[in-house]
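The numbering of the sequence shown is the numbering used here, which starts it at 616 and goes up by one. We treat Cβ as the ideally placed atom computed from N, Cα and C, and that holds for glycine. Reading through the structure tokens given below for one structure.
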Amino acid sequence: MKKMQGAILPGNSTVELKTFDVPVPGHGEVLIKMKSSTICGSDIRCIYHEHLGKGPEGYQKGMIAGHEPCGQVVQSGPGCRRFKEGDRVIIYHISGCGVCNDCRRGYMISCTSEKYRRAYGWQRDGGMAEYLLAEEKDLVDLPDELSYSDGAQVACGFGTVYEGLEKIGICGNDTVLVTGLGPVGLATAMLARAMGAQKIIGIETLDERLDIAEKLGLFDTVLKAGPDNVRQVRDLTGGMGAERTVDCSANDKARLTCIQAARKWGKIVFLGEGGTCSFQPSPDIIHDQKTIYGSWVTNLWRMEELVERLVRWGIHPHDLITHRFPLDRVSEAYALMASGKCGKVAVVFDEELK
Ligand SMILES: [Zn+2]
Ligand SMILES: [Zn+2]
């Protein structure tokens, strides 16, 4: 049997490289040669330091990590209907049962089958290995115009952002406020700009992240997180506040800033996971007719739509990658991502190594 290297997360802020058999695709499955596998904040939050998650967020010991994989099909099993050897593919990062109501809507993220819902890198092997076994129904075609490192970020990060922005609606009328300028916050600015937003304001605590946001030029203004943020945003918007606000930080104060710095009739979406949020319903939302949305990942058709639009807009998620590592240095990649002193961090293979 052919062997490969794969990375597991024992839960003590380390990464372990182990040898695995290269899987053989069964019915409706494909074997994918990994090309780019990016690290998500939720891997750090729920797995890397310690195994915190339960149920859909529960990492099963010994699983190959990584739920943002992208690669090329090298073998398709019997019964595959569309994807074949040589195809470049994005993988929707949760494999659902395919037949519950959520799966039928394309939201395999919230598949209700306890038996069949398995996220790549959590309850089934993920992308931090040379090969990945995937179900054909989880694949989205990666167009030639996009790189594998673009594709890796579509499933989790950019897909999640696109879904949230579609929920609140973004157009050229809007000033958009983004709190939390990690990879998800940066993706928010990139997509909001492409969707027409003319003025984008970012707020962040870490200086390294403020620098990266500034250098990427995705924002009109970046502000250090602080007690004056609501007033600062109002000053930048003629005293009115932002039409649309997006929290990518999961921080209680930042969420309150998103609510209070939104103008009358404004729309707010929460993407950052975990934590709490305290606000006063009457002055903060009810009297100003504001709406708060929650948004969790995206669905399959919207992911396909996003891929098509990335090509049309000529933008590249891979521009957010500040660090690339080969698989044998995967420990450094996770440690850097855990420090937060970076943009997006990727483990890459073959032509993506540069
Ligand atoms: Zn993720
Ligand atoms: Zn399902």
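At a cut-off of 7 Å, the beta-carbon of Cys-655 counts as near ligand 1: some heavy atom of the ligand is closer than that.
Counting the other Cβ atoms within 10 Å of the Cβ of Cys-685 gives 16 or more, which makes it buried. Val-793 is not a Cβ neighbour of Val-714, given a cutoff of 8 Å.
For Lys-814, the enclosing beta strand (DSSP E) has its first and last residue at 814-819. Under the DSSP assignment, Leu-792 falls in the beta strand (DSSP E) whose first and last residues are 790-794.
Note on geometry: alpha-carbon atoms of Val-945 and Ser-691 lie some 28 Å from one another. Each of Gly-929, Cys-661 and Gly-784 was checked against the Cα of Gly-626, and the nearest Cα belongs to Cys-661. Along the length of the segment 673-745, whole beta strand (DSSP E) runs at least 3 residues long occupy 684-691 and 703-706, reported in chain order. Secondary structure at Phe-773: helix, using DSSP grouped into helix, strand and coil. At least one heavy atom of ligand 2 sits closer than 7 Å to the Cβ of Ser-728. In the structure shown, the three-state DSSP call for Trp-880 is strand. Beta-carbon to beta-carbon, Ala-802 and Thr-653 are separated by about 11 Å, too far to satisfy the 8 Å threshold. Annotation: the continuous beta strand (DSSP E) that includes Gln-620 extends over 618-623. Here the segment 744-762 makes no contact with the segment 881-894; the two share fewer than three CB pairs at distances below 8 Å. Residue side-chain check: Glu-778 keeps its Cβ at 7 Å or more from all non-hydrogen atoms of ligand 1.
If you draw a 10 Å sphere on the C-beta of Met-616, you find fewer than 16 other C-beta atoms in it, and that means exposed. Spatial neighbours of Glu-947 in its own chain (CB-CB distance under 8 Å, excluding positions within 5 residues in sequence) are listed in chain order as Phe-940.
Taking Arg-739 as the centre and dropping the five residues before and after it, the same chain places the C-beta of Arg-733 closer than 6 Å to its C-beta, in chain order.
Setting aside the 5 residues that flank it on each side, Pro-640 is surrounded in the same chain by Leu-646, Gln-690, Ser-691, Gly-692 and Leu-748, each with a C-beta closer than 7 Å to its C-beta; the list follows chain order.
For the 8 Å CB-CB criterion, Ile-706 and Leu-754 form a contact. The Cβ-Cβ distance between Phe-773 and Leu-806 falls below 8 Å. Ligand 1 never approaches His-642 closely enough for any of its heavy atoms to be under 7 Å from the residue's Cβ. Taking all protein chains shown into account, Asn-788 has fewer than 16 neighbouring C-beta atoms within 10 Å of its C-beta and is therefore exposed. Note that the C-beta distance between Val-769 and Val-912 is not below 8 Å.
Sixteen is the threshold: when 16 or more other Cβ atoms of the shown chains lie within 10 Å of the Cβ of Asp-765, as they do, the residue is buried.
Around the beta-carbon of Ile-623, 16 or more other beta-carbon atoms lie within 10 Å, marking it buried. Looking at the DSSP output, Met-805 bridges to nothing.
In its chain, beyond the 5 residues on either side, Gly-795, Asp-862, Cys-863, Ser-864 and Ala-865 have a beta carbon closer than 7 Å to the beta carbon of Gly-887. Here the C-alpha atom of Gly-955 lies approximately 33 Å from the C-alpha atom of Gly-853. Comparing C-alpha distances from Ala-809 to each of Lys-752, Tyr-663, Val-926 and Met-619 shows the shortest one belongs to Val-926. Here Ala-865 carries a coil assignment [DSSP, helix/strand/coil].
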